[in-house]
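K.L.:
In our numbering, the protein residues as written are 188 to 701. Before I ask anything, here is the structure I am working with.
Okay, here's the thing in structure tokens:
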């Protein structure tokens, strides 16, 4: 196998349809009411109301709380496939403009990270003396009586967590999980799992719970990891952090939450790309490294031409497999999942065999299929959640290598005005593998109206054109679909990218096949 050294990245998590925020100045995010820790702990029979229940994480939390005999109601701004599924399963939801009252009997309110502190239901709870928790705080409390596995990095949380859960299920370790994306192979985005580990070295210990630990707004500081993964750290959420140094500091604080080694605490961290030399000094937990570098504790070897991955431990092969998801970043995601599964009790070969059968998850390099073109040929269409420059670069490189297209046409919707402004030059550089880029309006989320006025999609288009990339700003989704129908040719690769509702373009383009 050839040794391949690449930067690690993949996309962060969500499931369409994405959440829409109101076009207004963004107030501060939800903070919990001052109360004792025992008062806010979810427990059987308690009525919890979840605001923003339509998100993947929140809906998974609702299902897990309900499985623990909590009475859960919820609200969201609009119906979606997620809310429809909850209603079908018996959850009582309010969908539409937020009411200024809560369901009768509400004892505890849980708000998603997207819910501001001046949300009517949050204000109603505060006025009534009802405790308010963030999603991350509630999740952290669920982790306290579980063997908690926290997947944390700038890119790849949903992908790596889904890979790990698939392996653990196949190896009969029966994990619970809450993941910010849907994966059909593991039954969706959440699962209750066993109360105790059914087999292996952790047999009869508290059951496994796999969760994404998101760095946005320092949410992951509320988690309670037994084992943690840090795969990569880059500039993102600069509207929150202001600098890469502050981001690294936040990850260091997260890593310090892992218990001491003598209590079973363990951190798996990338040898390169995760600022490990700034993260690991002073930690009391067990620390191991992985990556393409020969000095990593677990050296990953990847042959991009055949998607073959192997892991070396102290210079000896421990396992090899063929991945189904291409890209060096996915090789690292998969290797991390296999290593974590082994640490949790899976045999190396069993873990690798399970990993070789992982097909992927929604909106992560998802192959939508092929469709005919006006010239009588066919194009291949992919959908991807990537909305950070590194994610874009790695995804386009990997797909170009696998599909070997005549042209790469990318539809990219920038996600958040401040991210676009902070990383504008990096975004322009990330499309080097694309022959044409179509850019709709920036997806407005979290930023203030003032921030919205500081940058537009046209700024990105101009940067791309300056680098010799054919680029157009086409504001309307329907017009982009029409452009694709009229201008794609035999052998083209169409990649739809972004964390906003841009995913609908791919579905519409496929649905218009004649």
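Ideal Cβ placement from N, Cα and C applies to all residues, glycine included.
Between the segment 353–365 and the segment 508–528, can you find at least three pairs of beta-carbon atoms closer than 8 Å?
P.N.:
yes
K.L.:
Specify, as a first and last residue, the run of the beta strand (DSSP E) that residue 503 falls within.
P.N.:
503–509
K.L.:
The beta strand (DSSP E) that contains residue 559, what's its start and end?
P.N.:
553–559
K.L.:
Three-state secondary structure (DSSP) at residue 295?
P.N.:
strand
K.L.:
Residue 253 to residue 455, Cα distance in whole Å?
P.N.:
32 Å
K.L.:
Alpha carbons only, please: which of 377, 369, 367, 346 is nearest the one belonging to residue 361?
P.N.:
The shortest C-alpha separation from residue 361 is found at 377.
K.L.:
Whether or not the segment 507–523 and the segment 576–593 are in contact is what I'm after, with contact meaning three or more pairs of Cβ atoms, one per stretch, closer than 8 Å; do they touch?
P.N.:
yes
K.L.:
Note down, in chain order, each residue of its chain lying with its Cβ closer than 7 Å to the Cβ of residue 694, except the 5 sequence neighbours on either side.
P.N.:
none
K.L.:
Can the beta-carbon of residue 499 be found closer than 7 Å to that of residue 510?
P.N.:
no
K.L.:
Under 6 Å Cβ to Cβ from residue 465, same chain only, skipping five residues before and after it: list those, please.
P.N.:
435
K.L.:
Spell out a yes or no on whether the segment 548–559 and the segment 366–376 are touching, meaning 3 or more CB-CB pairs, one atom from each, closer than 8 Å.
P.N.:
Result yes; three or more Cβ-Cβ pairs closer than 8 Å.
K.L.:
Can you give me the C-alpha to C-alpha distance between residue 557 and residue 687, rounded to a whole angstrom?
P.N.:
Approximately 23 Å, taken between the alpha carbons.
K.L.:
Please work out which residues of its chain come closer than 6 Å, Cβ to Cβ, to residue 576, disregarding the five sequence neighbours upstream and downstream, and give them in chain order.
P.N.:
610, 613, 614, 617
K.L.:
Buried or exposed: residue 663, going by 16 or more other Cβ atoms within 10 Å of its Cβ?
P.N.:
exposed
K.L.:
Alpha carbon to alpha carbon, what distance is there between residue 393 and residue 678?
P.N.:
Going from the Cα of residue 678 to the Cα of residue 393 covers about 52 Å.
K.L.:
Considering Cα atoms alone, identify which of 379, 343, 450 is closest to residue 389.
P.N.:
450
K.L.:
Using C-beta distances below 7 Å, list every residue in its chain close to residue 564, excluding the 5 sequence neighbours before and after it, in chain order.
P.N.:
676, 677, 678
K.L.:
For residue 415, which three-state DSSP category applies?
P.N.:
strand
K.L.:
Going by Cα to Cα distance, which pick from 255, 646, 692, 672 is closest to residue 380?
P.N.:
Ranking 255, 646, 692, 672 by Cα distance to residue 380 puts 255 first.
K.L.:
Pull up the distance between the alpha-carbon of residue 600 and that of residue 501, whole angstroms please.
P.N.:
44 Å
K.L.:
Can you grab the Cα-Cα spacing for the pair residue 383 / residue 560, in whole Å?
P.N.:
So the alpha carbons of these two residues sit roughly 53 Å apart.
K.L.:
What residue range is occupied by the uninterrupted beta strand (DSSP E) comprising residue 258?
P.N.:
Residues 258–263.
K.L.:
Verify whether the separation of the beta carbon atoms of residue 404 and residue 300 is less than 7 Å.
P.N.:
Taking 7 Å as the Cβ cut-off, residue 404 and residue 300 qualify as a contacting pair.
K.L.:
Using only alpha-carbon positions, find the residue among 446, 245, 486, 684 that is nearest to residue 262.
P.N.:
245
K.L.:
Quick one: using the 10 Å Cβ neighbour count with 16 as the cut-off for buried, is residue 503 buried or exposed?
P.N.:
exposed
K.L.:
Within the segment 267–292, note down every full alpha helix (DSSP H) run reaching 4 residues or more, in order along the chain.
P.N.:
268–275
K.L.:
My assumption, with CB atoms under 8 Å, is that residue 373 sits in contact with residue 349. Please give the rounded CB distance.
P.N.:
6 Å
K.L.:
May I ask you to report which of helix, strand or coil DSSP gives residue 476?
P.N.:
strand
K.L.:
What residue does the alpha helix (DSSP H) around residue 605 start on, and which one ends it?
P.N.:
604–609
K.L.:
Judging by CA-CA distance, which residue of 265, 690, 419 is the nearest neighbour of residue 519?
P.N.:
419
K.L.:
When burial is assigned at 16 or more other CB atoms within 10 Å of the CB, is residue 640 buried or exposed?
P.N.:
By the 10 Å Cβ count, residue 640 comes out exposed.
K.L.:
Tell me the DSSP secondary structure of residue 638 in three-state form.
P.N.:
Looking at residue 638 - three-state DSSP - the assignment turns out to be helix.
K.L.:
Quick check: the segment 435–444 against the segment 480–489, are there 3 or more CB pairs under 8 Å?
P.N.:
no
K.L.:
Only counting the same chain, and skipping five residues up and downstream in sequence, which positions put a Cβ closer than 6 Å to that of residue 250?
P.N.:
377
K.L.:
Since residue 339 and residue 400 are thought to touch, with beta carbons under 8 Å apart, how far apart are those beta carbons, to the nearest angstrom?
P.N.:
4 Å
K.L.:
Do you know whose CA, among 346, 304, 295, 398, lies nearest residue 553's CA?
P.N.:
346
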